[in-house]
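J.: Below you'll find the structure I mean.
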Amino acid sequence: MSKMRLLDGSEAIAEAAIMAGMKFYAGYPIAPATELLEYFAAKLPTAGGVCINADTEIEAVNMALGAAQVGARAATGSCGQGLALKQEAIAEAALNETPLVVFNMARNQQDYFQATRGGGWGDYHTVTLAPKDLHEAVEHTHLAFHIADKYRVPVIFMGDNLIARTQMGTSLPVPELDPLPPKDWALDGKMGGTGKSRWIWTFGGGKAGNPGLGPDGYWRQIAEKFEHIARQEMRHEQGFCEDAETVVVAFGSGGKYVEYVVRELCEEGYKVGYFRPITLWPFPGPALEAATRNARNIFVFELNAGQMIQDVMLSVEGRHRIKSIGGVSFDDSGLNIGPMMDARIIRERILAQLNGEPIRQLPISGMGAYL
Amino acid sequence: MNVIDTSRPPERAAAKVADFKPSLLLSENHHLCPGCGEPVAIRLILEVIQELNLTQNNVCILGHGCYGSFIMQMDVDSTLCLHGRGPAVATGMKRMRPDVAIWTLQGDGDMASEGLAEIMHTAARGENITCFMLNNGVFGDTGGQMTAASVVGQRTKNTIEGRDAAYHGNPIKVAEILANMDGTAYVARGSVHNAASINATRKLIRKAFLRPMHGHGLALMEILTMCPTGWFVPPGQGAEYMMESLGKVYGLGELKDVASETETVNP
Chain B
225 MSKMRLLDGS EAIAEAAIMA GMKFYAGYPI APATELLEYF AAKLPTAGGV CINADTEIEA
285 VNMALGAAQV GARAATGSCG QGLALKQEAI AEAALNETPL VVFNMARNQQ DYFQATRGGG
345 WGDYHTVTLA PKDLHEAVEH THLAFHIADK YRVPVIFMGD NLIARTQMGT SLPVPELDPL
405 PPKDWALDGK MGGTGKSRWI WTFGGGKAGN PGLGPDGYWR QIAEKFEHIA RQEMRHEQGF
465 CEDAETVVVA FGSGGKYVEY VVRELCEEGY KVGYFRPITL WPFPGPALEA ATRNARNIFV
525 FELNAGQMIQ DVMLSVEGRH RIKSIGGVSF DDSGLNIGPM MDARIIRERI LAQLNGEPIR
585 QLPISGMGAY L
Chain U
25 MNVIDTSRPP ERAAAKVADF KPSLLLSENH HLCPGCGEPV AIRLILEVIQ ELNLTQNNVC
85 ILGHGCYGSF IMQMDVDSTL CLHGRGPAVA TGMKRMRPDV AIWTLQGDGD MASEGLAEIM
145 HTAARGENIT CFMLNNGVFG DTGGQMTAAS VVGQRTKNTI EGRDAAYHGN PIKVAEILAN
205 MDGTAYVARG SVHNAASINA TRKLIRKAFL RPMHGHGLAL MEILTMCPTG WFVPPGQGAE
265 YMMESLGKVY GLGELKDVAS ETETVNP
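Going down the list, the protein sequences come from chains B and U. Sequential numbering of the first sequence, starting at 225, is according to our numbering. Sequential numbering of the second sequence, starting at 25, is according to our numbering.
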């Protein structure tokens, strides 16, 4: 077993990505994804890779697309604000089948719609992995590259400020994953003049003499692929749901806090369970439906004005009392998670909702140090 | 000199007398308009790739424009990337496959309008790639609208009285900008308006592939191409119109070459 090291999340993710065989990273400084760029800049060249300090977020993601299209494991990263600029290229990767990993070291949890609904054009989804802590982040880094290569799709790694900047002891374990097919589609430049030259093209046109399906057929094929991925790649974690009257749903770091609070409430005799989607897309709807079959209440905790709650509602078809116990929560500290990511406050909100009492509004953080 | 008598129908149907198709073109058929200069420029590029023995060692990144449809015609590993982003995509490719000739095929709309940031930063980084800008001064694919490279006075569908510098701004001369940047190895402007210019341009294209292959930095090869449809002139008058409009602003020849003539040999 490899040695335990005390690492912050950014360094652990960078190490894991290099161990996963990532050879190309292009990024643009933006908190809290800056450290990831700095670690890659320091470590990737000695591992035989390239890290480019791109001049725009758009340039960064397109560089990564190019690196991936010639067969390398490639990634870019930013936070939700930077991913907004990368949306066109993420959609492009989905529609022209380029395996690409995009690290979103999100500032809080307001990028759920951005990740799961997507801001590019066309019929596509992005597989989105939301780890709850550094340990899962290491596992998800390997998994993100694996899923991207397996299906030739973009994968979003949805980290956050807390994961990026919190230190934990880790031995950087490498998960065992199935073997992958060879990248015989990659543009290595060797097929020119053979009559079998390769193409990567969103409109699926192919080559004269050997035309592709064209946009209509190609996009139907891609839609079918995403349906297949949706069935295959749903992941979740749950606890105490068997006889729970109330199930609390949360993702990412928030899920870890909720797990702690629910465990505490169970010990006190409350019939409460927790459910944490690990893949935000595909959303583990059938598992949530099964986990809440005997429950009356579903409470959704997320640090936004109510985004994932839509997927919860779609999954359980209106049989429950579904309430949001989260909300917008942001501050000017180094972690940006605001006052709501606090076990005592989560506990207070679950109990208030259970007792039919109004939820206490938290004071607004204001501009603080920004002023 | 034999002159074809056009006052009456020909005695026999036109027949193909020889195969002029470069072997890297999968088909002689294309969808571009009569009088278009782009197929001529692309043919030259493909012939040079073959001459330099890069046939099985090159990847093309096409931008968005009429020439983009040649992804289907060219027997070359290719991708058609997002509008203007070719040099960024090419950067990722070249860094991962430094031994492969990586080249972008862009237009003035793709490079000077949408993709100016990408070409300039890629040039500044000195990436060892070749970038082609087929310059016809219009967005031909959408029917002839103004690009950043349209010349002052040029009539386009959205500068119907001619490009007015005070109202529409001035043209951006990408080649002149890049020639003054560190990081570029070779910058040249050719044209395909007559046989002499086609021959001269072929020689420039050759150097544009060789300089990056030898690690000197980025090569920008601009080629003026006719777009009679986008200029609203009859196909036969494209060449003349081009040299009277674009040709007066965009001078032909080499703007920069950091290497010596002796390096103009096969890699």
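Backbone N, C-alpha and C fix where the C-beta goes; we use that ideal spot for every residue, glycine too. Since the structure is predicted, the reported quantities are computational estimates derived from the model, not experimental observations.
(1) At the level of alpha carbons, what is the spacing between U:P111 and U:L50?
(2) Under 9 Å, do B:L351 and B:E457 count as touching if we go by C-beta distance?
(3) Bridge partners of B:P587, per DSSP?
(4) Tell me whether B:P439 sits in a helix, a strand or coil according to DSSP, three-state version.
(5) For B:I387, which option in B:P563, B:C303, B:N286 has the closest C-alpha, if you only look at C-alpha atoms?
(6) With B:Q462 as the anchor, note down where its beta strand (DSSP E) starts and where it stops.
(7) Tell me whether the beta-carbon of U:A65 lies closer than 9 Å to the beta-carbon of U:L202.
(8) With distance defined between alpha-carbon atoms, name the residue in B:D335, B:F427, B:K431 nearest to B:T418.
(9) Give every residue of the same chain whose Cβ lies closer than 7 Å to the Cβ of B:Y375, excluding the five residues on either side of it in the sequence, and list them in chain order.
(10) Using a Cβ-Cβ cut-off of 7 Å (strictly less than) and excluding sequence neighbours within five positions of U:A199, which residues of its own chain qualify?
(11) Is the distance from the Cβ of B:G306 to the Cβ of B:Y348 below 9 Å?
(12) For a test of the three-state rule: what should DSSP assign to U:P291, helix, strand or coil?
(13) From what residue to what residue does the beta strand (DSSP E) around B:G509 run?
(14) Could you give the residue range of the alpha helix (DSSP H) that holds B:N385?
(15) If the cut-off is 9 Å on Cβ atoms, which residues from the segment 285–311 of chain B count as contacting chain U, listed in chain order?
(16) Name the two residues that bound the continuous beta strand (DSSP E) containing U:C57.
(17) Can you find at least 3 beta carbon pairs, one from the segment 385–402 of chain B and one from the segment 263–272 of chain B, that sit closer than 8 Å?
(18) Ignoring anything shorter than 3 residues or poking outside the segment 446–499 of chain B, list the beta strand (DSSP E) runs there in chain order.
(19) Taking Cβ positions only, does U:E142 come closer than 9 Å to chain B?
(20) Could you check whether U:C90 and U:T128 sit closer than 9 Å to each other, using their CB atoms as the reference points?
(21) Please classify U:A173: does DSSP put it in a helix, a strand, or coil?
(22) Alpha helix (DSSP H) containing B:L404: first to last residue?
(23) Is there a Cβ of chain U sitting closer than 9 Å to that of B:A266, yes or no?
(24) Tell me whether the segment 476–484 of chain B and the segment 505–519 of chain B touch, counting them as touching only if at least three CB pairs, one residue from each stretch, are closer than 8 Å.
(25) If we call anything under 9 Å between Cβ atoms a contact, is B:Q333 one with B:G478?
(26) For B:L527, tell me which candidate among B:Y498, B:G428, B:N560 has the shortest Cα-Cα distance.
(27) Opposite B:R297 in the DSSP bridges: which residues?
(28) Are U:H107 and B:E283 touching if we call contact CB-CB under 9 Å?
(29) Can you tell me which of the three DSSP states B:A354 falls into?
(30) Report the residue from B:G344, B:G342, B:R331, B:L353 whose alpha carbon sits nearest the alpha carbon of B:V325.
(31) I want to verify the contact list: residues of chain B whose CB lies under 7 Å from the CB of U:H145, in sequence order.
(32) Tell me whether B:I522 is buried or exposed, calling it buried when 16 or more other Cβ atoms sit within 10 Å of its Cβ.
(33) Rank U:R67, U:G177, U:V72, U:Q97 by C-alpha distance to the C-alpha of B:N434 and give the top, closest one.
(34) Give me, in chain order, the residues of the same chain whose beta-carbon lies closer than 8 Å to that of B:W443; leave out the 5 immediate sequence neighbours on both sides.
(35) Around the C-beta of B:K227, are 16 or more other C-beta atoms found within 10 angstroms, so that it is buried, or is it exposed?
(36) Taking the straight line between their C-alpha atoms, what separation do you get for B:A238 and B:H359?
T.: Reading off the structure:
(1) Working through the second sequence from its first residue, we reach residue 111 of chain U at position 87. Working through the second sequence from its first residue, we reach residue 50 of chain U at position 26. The alpha-carbon atoms of U:P111 and U:L50 are separated by roughly 25 Å.
(2) Counted from its first residue, the first sequence places residue 351 of chain B at position 127. Counted from its first residue, the first sequence places residue 457 of chain B at position 233. The sequence as given places Val at residue 351 of chain B; Leu does not occur at that position. Less than 9 Å divides the Cβ of B:V351 from the Cβ of B:E457.
(3) Within the first sequence, numbered from 1, the residue matching residue 587 of chain B stands at position 363. The partner list for B:P587 (beta bridge, DSSP) is empty, contrary to what the question assumes.
(4) As a working note, residue 439 of chain B is residue 215 in the first sequence. DSSP places B:P439 in helix when its eight states are reduced to three.
(5) Numbered from its first residue, the first sequence carries residue 387 of chain B at position 163. Ranked by Cα distance from B:I387, the options B:P563, B:C303, B:N286 are led by B:C303.
(6) The residue you call residue 462 of chain B lines up with position 238 of the first sequence. Residues 460–463.
(7) Stepping through the second sequence from its first residue, residue 65 of chain U is reached at position 41. Stepping through the second sequence from its first residue, residue 202 of chain U is reached at position 178. It is not a contact, given that the beta carbons lie outside the stated cut-off.
(8) Taking the first sequence and counting its residues from 1, one reaches residue 418 of chain B at position 194. Of the listed residues, the one whose Cα sits closest to B:T418 is B:K431.
(9) For this step, residue 375 of chain B is matched to residue 151 along the first sequence. The answer, listed in chain order, is K449, I453.
(10) Here residue 199 of chain U refers to the residue found at position 175 of the second sequence. Around U:A199: V211, R213, L244, E246, L279.
(11) As a working mapping, residue 306 of chain B is identified with position 82 in the first sequence. As a working mapping, residue 348 of chain B is identified with position 124 in the first sequence. Cβ distance not < 9 Å, so B:G306 and B:Y348 don't count as in contact.
(12) Residue 291 of chain U sits at position 267 when you count from the first residue of the second sequence. Its pLDDT being 46, under 50, U:P291 is placed unreliably in this model, and the value from its coordinates should be taken loosely. Here U:P291 sits in coil by DSSP.
(13) In the first sequence, counting from the first residue as 1, residue 509 of chain B sits at position 285. First-last for B:G509: 509–515, but that is the alpha helix (DSSP H), not the beta strand (DSSP E).
(14) The residue labelled residue 385 of chain B in the question sits at position 161 within the first sequence. 385–389 is the span of the alpha helix (DSSP H), which, as asked, contains B:N385.
(15) V285, N286, M287, A288, L289, G290, A291, A292, Q293, V294, G295, A296, A298
(16) Stepping through the second sequence from its first residue, residue 57 of chain U is reached at position 33. Segment: none, U:C57 is in no beta strand (DSSP E) and carries neither H nor E.
(17) no
(18) 460–463, 470–473
(19) In the second sequence, the residue the question calls residue 142 of chain U occupies position 118. It does: the Cβ of U:E142 has a partner Cβ on chain B nearer than 9 Å.
(20) For the purposes of this step, residue 128 of chain U is identified with residue 104 of the second sequence, where counting begins at 1. For the purposes of this step, residue 90 of chain U is identified with residue 66 of the second sequence, where counting begins at 1. No, the Cβ-Cβ distance between U:T128 and U:C90 is not below 9 Å.
(21) Here residue 173 of chain U refers to the residue found at position 149 of the second sequence. U:A173 falls in the coil class under three-state DSSP.
(22) Along the first sequence, one-based indexing puts residue 404 of chain B at 180. Neither: B:L404 is in no alpha helix (DSSP H) and is coded neither H nor E.
(23) As a working mapping, residue 266 of chain B is identified with position 42 in the first sequence. Not one chain U Cβ lies under 9 Å of B:A266.
(24) No, they do not touch.
(25) Taking the first residue of the first sequence as 1, we reach residue 333 of chain B at position 109. Taking the first residue of the first sequence as 1, we reach residue 478 of chain B at position 254. Judged by beta-carbon spacing, B:G478 lies within the 9 Å limit of B:Q333, meaning their Cβ atoms are closer than that value.
(26) Within the first sequence, the letter at position 303 stands for residue 527 of chain B. Minimum Cα distance to B:L527 is reached at B:N560.
(27) As a position in the first sequence, residue 297 of chain B is number 73, starting the count at 1. In the DSSP output, where bridge partners are listed per residue, B:R297 has B:M246.
(28) Position 83 of the second sequence, counted from the start, is the residue given in the question as residue 107 of chain U. Position 59 of the first sequence, counted from the start, is the residue given in the question as residue 283 of chain B. No.
(29) What you label residue 354 of chain B is simply residue 130 of the first sequence in a count that begins at 1. The three-state reading of DSSP puts B:A354 in coil, since its state is none of H, G, I, E or B.
(30) For the purposes of this step, residue 325 of chain B is identified with residue 101 of the first sequence, where counting begins at 1. Taking B:V325 as reference, the option from B:G344, B:G342, B:R331, B:L353 with the minimal CA-CA separation is B:L353.
(31) Counting from one through the second sequence, the residue named residue 145 of chain U turns up at place 121. Ordered by position in chain B, the residues that pass the 7 Å Cβ test against U:H145 are D279, E283.
(32) For the purposes of this step, residue 522 of chain B is identified with residue 298 of the first sequence, where counting begins at 1. It counts as buried.
(33) As a first step, residue 434 of chain B must be located in the first sequence, where it is residue number 210. Nearest option by C-alpha distance: U:Q97.
(34) The residue labelled residue 443 of chain B in the question sits at position 219 within the first sequence. Contacts found: L319, G346, D347, G428.
(35) Taking the first residue of the first sequence as 1, we reach residue 227 of chain B at position 3. So B:K227 ends up on the exposed side.
(36) Within the first sequence, residue 238 of chain B is the residue found at index 14, counting from 1. Within the first sequence, residue 359 of chain B is the residue found at index 135, counting from 1. So the two alpha carbons sit approximately 13 Å from each other.
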